[in-house]
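Notes follow once the structure below has been shown.
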Amino acid sequence: MRGLREFRDAYLLSSETERKFVDIYDKHSPAESQYTAAHESLGIAVRVGLMPFGGAEYAVLQATPAEMVMALLLMLPVMAGAYITVRRVVFPK
């Protein structure tokens, strides 16, 4: 979460619209966090769902260009697999 806060501070506070979005998030997130903490399976799902954002934050704030290219190349097969799986489930033959 620290990395996401750093990303927010570095990139999402540069305009009035972005600051309003962050203010709305800050207003509602404590209640949502308490609810998530009270339901273990939901908490796990939220953490898994936030993983790509953590990776994106790392890429933007800390990764070298070579690391970013490598990450994109490694993500392509995963995205292709997810696409194929969704197509098979949504549009079975």
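According to the numbering used here, the sequence shown is numbered sequentially starting from 6. Just so you know, even glycine gets a beta-carbon here, dropped at the ideal spot from N, CA and C.
With a Cβ-Cβ cutoff of 8 Å, do residue i and residue j count as a contact?
i, j, result
"L9", "E62", "yes"
"A64", "A76", "yes"
"L66", "E11", "yes"
Can you tell me the Cβ-Cβ gap for residue i and residue j, rounded? I've got them flagged as a contact below 8 Å.
i, j, result
"V51", "T41", "5 Å"
"V27", "R13", "6 Å"
* List in chain order: all unbroken alpha helix (DSSP H) runs of 4+ residues lying wholly within the segment 35-90. => 45-66
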